[in-house]
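Keeping their order, the protein sequence lines are chains A and B.
Sequential numbering from 1 applies to the first sequence in our numbering.
Sequential numbering from 605 applies to the second sequence in our numbering.
By construction, the Cβ of each residue, glycine as well, lies at the ideal position given by its N, Cα and C atoms.
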Amino acid sequence: MASHLSSGRINLSVLRESYRQEFLELLDKCKGTKALVWDGALTGPIDLIADYTLLKGHEVDRMWPLQYGRLPSSNVQNIIFITRAKSSLMDIIKDNVTKLDNDRKELHVFFVPRRSLLCEKKLKDLGIYGLFASVEEYSLDIIPIDCDVLSMETELSFRNCYLENDRTSLFLAAKALMTVQALYGVIPNIFSKGDCADEVVDLMMRMRRELGGRDMQVPPQIDNLLILDRIVDPLTPLLTQLTYEGLIDEIFGISNTFAKFPPEKFNASAPGEASSDPKKIKLNSSDELFAEIRDRNFNAVGNVLSRKAKLISAQYDERHAAKTVGEMKQFVSKLPHIQAEKASLGSHTAIAELIKEETDTDEFRASLVATQEFLSGAETDKASPYIEDCIAKQEHLLKVLRLICIQCYCNCGFKPKLLDYYKREIIQTYGYQHLVTLHNLEKVGLLRTQGTVRSYATVRKSLKLLMEDVNEQNPNDISYVYSGYAPLSVRLAQLLHRPGWRGITEVLNVLPGKTREEFQQIPEWLRKRRASGSSVHSSGSEQKVTLVFFLGGVTFAEISALRFLSQMEDAPVDYLIATTKLINGKTWLDSLMDVFQAKPVNPF
Amino acid sequence: MALTADWNPLGDVFFRKFDLCSMQWSDQVDLQKSIVAAAPFGGPIALIRDEARGQKISGVASKPLIQIFTSAGKELAVIRWNSGTILKLGWSNKLDLLCVQEDGSVLIYNIFGVYKRTITLGQEARDVRVIQCHIFNTSSGTTGAAVLTSSYRIFMVTNIDEPRIRRLAEVPGAEIPPSCWSVVSLQQSTHVLLAKEAKLYLLDHELHCEEQEVPINSPVDSYIEMAVSFNNKYLALFCSSGILWIGSSSLKEIYCEFDTKCQKRPQQLAWCSTVAVVGCWEDILLMIGPKKDWIKYTYDSAVHLVPEIDGMRIIGNSSHEFLQRVPACVEEIYKIGSMSEGAMLFEASKEFQRGSQKADEYIRMIRDKLSHAMNQCISAAGHEFDPVNQKALLRAASFGKCFLEDQKSDFFVRMCQELRVLNAVRNKNVGILLTYQQLQHLQVPVLIDRLLLQKLYWLAIHICQYLKMPDIEGASRVLAHWACDKVQQSGIEEEQLARAIAEKLGDTPGVSYSEIANKAIECGKVDLAIRLLGCELKAAEQVPLLLKMGRNQLALTKAIESGDTDLVYTVLLNLQERMPRGEFLMSIRTVPVACSLYLQFCREHNRPMLLELYYQEDNFQEEGNTRIADSYEDERFETRVSKLVATQDAFNKAKNECATKLTEEQIRLMRFQRKMEEETNKPFLDLSLHETMYKLIVENNQKGVEQLRKDFKVPDRRFWWMKILALSETGDWNELDRFSKSKKSPIGYEPFVEVCVKNRNFEEAQKYMGRVTPENLVRCYVKLGKLEQAAESALQSKNAEDLNFVLSKCPPSNRALFEKIQTMRNQLGAK
């Protein structure tokens, strides 16, 4: 199962296996049959580590979502709450626990990824701490999402750091990186850009000192670590991703490798299947076709799909050519594979159609056009009629905020009058409750007034962020992922190895936050390295591996761009991507919003 | 002396019994009159005068003494016993001395007789008294104790470090005392075998009691003694008739029944490894093998038997012997007439040293098995206690190596190293009489632990360095223990201590300074502790101790440096509890990270405090934001408004004009909405201005709309959109038409077309086509579905891009049109 994790340059199934063991050991500590009560935000991630069949083998009989009310009755011996360390969740646990039938069950709490003093205090304050036979911590720091992607799945990381000055997630990120180093060796070269990134490097250095030499167990498999702070490039996630996977995320949302689609386009394979349920599809590199098209510009996906369709029907036709029994047998043995391919083709064709419906709409096109204009710096200092119309038509607030933030970034801040105008328009149209959100955006710097430096134009020119004549079908530059805009973050990663950051010092100085380079000493006997027989495909001179860690989130398009870089001819490095959370413009801005639900006013 | 002189055959195998050392306790001890407890693996020995066996010195109520010796009989400590009557002494696997009293309490001492703690085996044991006790090691590596009370019930703890008392099942026939019993620990379960006369019962941990069928042929009156082997797999039962039954502890296998012809209960019955059972009657030792073979040894004074994993130690008043089956490799080499490779090599080596050419002959004989011969000699060396023999065998191995080209020397080197270590710890000043096999079982780190327990730091650290152990497991650990011990010593200046420790430990990786500091705190040496903590790298260890010592500010700084939020909260909550509020707030004020975290905490747990903090810090912007959030929590209109007034005030102080204005507008809007609700009896509150106006348009309340438009200065552009959308929603096409003519539209007329099309009113849409600007005309035609007109209009304005757009919208089914547009495109391209 899930062998795709081991198909990348760095075998991530090792990481998963270590987390799996840890989890099973925790489960086994609770002797007897168990019911797990899940914090909803954890089911997805932990499912990627250990699925239900595996848990069943460890006497897990029941699984329930963590919610208010009475837990279903059952005759399990243990009830285990698996939860993030969030204060509000403790209230739910209390509610569950106090409503339990008074039969003898052992209660346990597992905190993921860390136990927290505040939550334990809260449990004590609620008077239920003593009821638990054990309070454990399951340090699931970073989850292997795919063969080259790791995510901590903490959506509030950027908000906590930049809005609330709460650096917990940096600590957790450093811990996650220590976990990675424990399994894959100490990473010799570290580069970072941005203040939070700088802090993570500090913490890593500190943690390594604390280990006192206990980390020198494995030869290093990863050569470089690049930590990028989202604040260095807040623009990229605001833009609409135009890769296949990126668009799926933009339109339908991908969560823990799953996306849900309206079912109509999919031929229900089982007739009994209720057609009103959304169709849930798993998206990862174990699906060959998806692996081939995920990183492509959407405009290039159609060709691949039709080519694939022809290929499959040709394969089916082979059965006519099969004359002898032997040939027939060979054909039959290939059949399951062909059928799987066909099913996959069917799904992706349906998804592509759904996406096309969306991208063909006037709204989608108009918004792309407007974005392109902002990016090229045209008329960014005036109120944009397009944005005004969007507001007037009460289009989704997140869309409007996204556009305004893009304009603001490209204009290096608004004149105070324009900023006030936009704010007023939003408040008048969407309501006063969004004022705090606007203040939040100002506080993190996504909305701001003009400073003296006009850096965007400089950065855009010297890093060649805008490319003319993009070849969407056979790209030669990363800018294809946004049809003409090369993501700043990935450009930085690209230039790090060729020609090196020393050549772009000026640009780096313009971008926010510290730039840093560190070298971690590795004992002589561990230095050389990787068994040569590990991969058949490796060419003579081995590519180095760089781990790019995006603090504050990364988009699928950025991941695609990095994959593209490592597949280019004589690419100097292969990339492994890690992040605090997989994001897109919507989810990212959403994490910065403060939503208030007004209580109904009492008429008396 | 022939090397086989101390060998005795037991059936077809040989046993040997040899002196480990002479006992230094010589005159101090009489085993005859003592209760003895010796720890396995050559561990220490504890003794106490046995009241039952020895004669009481009449008239003098002397307090008994517990003496602790090393295996070599060197005194380590003396405990003057003040407590109750001791029933049994024993050692835990961590070498703590366990003293079990009649009242069921177990007093625990360290190897130097320092009291550590007491555990008890329950109220019932205390009430009715304990009459017998067993101390045992479980298969999971813990040490447990089981007691038999005078009411013939058994209570047991399987781990003295985490005592959980279990009462075992009752045995039928409560009035008859058990004749003998023992604890058997296999895999996960620990159970008790108990004999009542001729019946044997198994008491498991789940409160079952089951009678066992013993496969024995001889008639049995009563089992009066039993012994379980070191690995718990084998069992020996001694019957009152003198029959000794030997079998597996599961009672499934039987090895033999042996008639000892002695009906007296042996003083001790024990296993020698797993290969023989030894019984001890006064001065006679009888060893019985599984095939009824036997050997008898006689002594002139009492001895004590200590079963070991690979044999048995026999402690006497003056000597300390080891009894074991001769290891195979040793037998191969030394056995008279042995022709094994090892024996040949050994001979060759001896001849070589004598300068005899026979050496060559011997080597030739085993030429192609030389490697095996070497290994035999090396292994045999390991089993020898006398360095002379060790050397001779190793020399033989090394001689053999000369004839081999690519022989790996790992085994040889390792054996030399381990023997050197073994010889060092067997020294009479150290007195750990460990065999090679026992060391393999224990592993070196455990041996180091034992040396640390005996405070033999110098030897320990030299062994670590000699074996090149990583610092973390080796030298650092030893140093840390040394330092902990050091800080507990009194009479040395703290300053001097700190310097001494820092000098020795320096930057040695992996030393836990906090552990040492904690010891210092326990001894009340606070200054020393603080000095030591300064060297601690792990904040998670350092911070709690700093707090414990009241170094709040330092604790806070260190917690923040670690980046560990939880640690910072530990400090914050701790300070909050211990300090007056004002002082607390002042102390975190200058630390931004602490402030932010405390604010975060207040945001969830203490809203009033949050406002107060912002107010205090003149952070009016955040105060405003917080007040907004709070206002939405309120259910009463007037309080909500008054909260917003306070918000407005805060934003004003923050000099945030825009927010001030917007808040003021919101209050005005709410008042208006309230009024509308009263007038129309429809909900308006919590709608935005835009939504309010939209609703009013839909409800055709012109006056209200106009008032709001003026009061709130709604821009024309948005107002037009609003009105167009609202009117189309109600389907009031006439009003829409009138509106379109009221003045020139600031957003053009395309939106009019758009809304009509959206409501599928194409006829109405047509009306506005005339007023659509030429550049938008094509798209409007497309929206209306009039592709042909769209194409023509594109052609007219010579706009190729538009034409392509029309083409893309043209369904392939409409061939004629499709071709027509393509012609048009060519036309344009030509021009």
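Distance check between T1174(B) and each of L66(A), L150(A) and C119(A) places C119(A) closest, using alpha-carbon atoms only. In this structure, the straight-line span from the alpha carbon of L1109(B) to that of D1075(B) is close to 11 angstroms. Scanning F1007(B), I1328(B) and L1293(B) for the CA closest to the CA of Q1311(B) turns up L1293(B). With respect to L495(A), V459(A) sits apart: the two C-beta atoms are not nearer than 8 angstroms.
Contact note: L435(A) reaches chain B through I1232, A1263 and L1266, using a C-beta cutoff of 7 angstroms and chain order.
Under the Cβ distance rule, Y1236(B) counts among the residues neighbouring chain A, one pair being separated by less than 8 angstroms.
Chain-order list of chain A residues neighbouring M1326(B): A392, by C-beta distance under 8 angstroms. The residues L239, L375, L465, L466 and S479, in chain order, have a CB closer than 7 angstroms to that of Y485(A) in the same chain once the five nearest residues on each side in sequence are set aside.
Counting C-beta pairs closer than 8 angstroms gives three or more between the segment 393-411 of chain A and the segment 441-454 of chain A, which meets the contact rule. With the rule of 3 Cβ pairs closer than 8 angstroms, the segment 874-893 of chain B counts as touching the segment 908-925 of chain B. Counting along the chain, no beta strand (DSSP E) covers H1066(B); the unbroken alpha helix (DSSP H) around it starts and ends at Y1061 to Y1070. Counting C-beta pairs with one atom in each stretch, the segment 1144-1160 of chain B and the segment 1125-1132 of chain B have three or more that are closer than 8 angstroms, which means they touch. For a cut-off of 8 angstroms, the C-beta gap from G846(B) to Q867(B) is around 5 angstroms, short enough to register as a contact.
By the criterion of a C-beta distance shorter than 7 angstroms, A1064(B) is surrounded in its chain by I1052, L1055, L1056 and V1082, once the five residues flanking it on both sides are discounted. Taking all protein chains shown into account, D570(A) has fewer than 16 neighbouring C-beta atoms within 10 Å of its C-beta and is therefore exposed. Using a CB distance below 9 angstroms, the part of the segment 571-594 of chain A facing chain B consists of D594, ordered along the chain.
Boundaries of the alpha helix (DSSP H) around L55(A): Y52 to K56.
For D166(A), the neighbours in chain B by C-beta distance under 8 angstroms run, in chain order, T1169, S1200, L1201 and Q1204.
For E518(A), there is no enclosing alpha helix (DSSP H); the enclosing beta strand (DSSP E) covers residues T515 to F519.
The residue among A291(A), R115(A), S313(A) and G127(A) with its C-alpha nearest the C-alpha of K94(A) is G127(A). For R502(A), not one C-beta of chain B is nearer than 8 angstroms to its own C-beta. At a cut-off of 3 residues, not a single continuous stretch assigned as beta strand (DSSP E) sits fully inside the segment 1105-1152 of chain B.
If you draw a straight line from the Cα of N476(A) to the Cα of F298(A), it comes to about 16 angstroms. Among the residues of chain B, those whose CB is under 9 angstroms from the CB of L170(A) are G1167, following chain order. In this structure, M204(A) is the residue among E22(A), M204(A) and F132(A) with its C-alpha nearest to the C-alpha of Q520(A). Residues of chain B whose Cβ lies closer than 7 angstroms to the Cβ of S87(A) are, in chain order, E1208.
The beta carbon of Y432(A) sits closer than 8 angstroms to some beta carbon of chain B. In the three-state reduction of the DSSP assignment, H1294(B) falls in the helix class, which pools H, G and I. Beta-bridge analysis with DSSP links W629(B) to no other residue. Residues of chain A whose Cβ lies closer than 8 angstroms to the Cβ of Y1173(B) are, in chain order, S116, L117 and L118. Contiguous beta strand (DSSP E) elements confined to the segment 219-285 of chain A occur at 224-229, 258-261 and 279-282, taking only those with 3 or more residues. One thing to note: P113(A) has its Cβ within 8 angstroms of the Cβ of L172(A).
Residues of the same chain with a CB within less than 6 angstroms of the CB of S285(A), apart from the 5 flanking positions on each side, are H4, D146, C147 and A291 in chain order. The closest CA to that of L345(A), considering only A309(A), F132(A), H320(A) and S455(A), is found on A309(A). Interface annotation for the segment 374-400 of chain A against chain B: P385, E388, D389, I391, A392, K393 and Q394, criterion Cβ-Cβ distance under 8 angstroms.
Contact between A1084(B) and Q1069(B) fails: their C-beta atoms lie close to 15 angstroms from each other, not under 8 angstroms.
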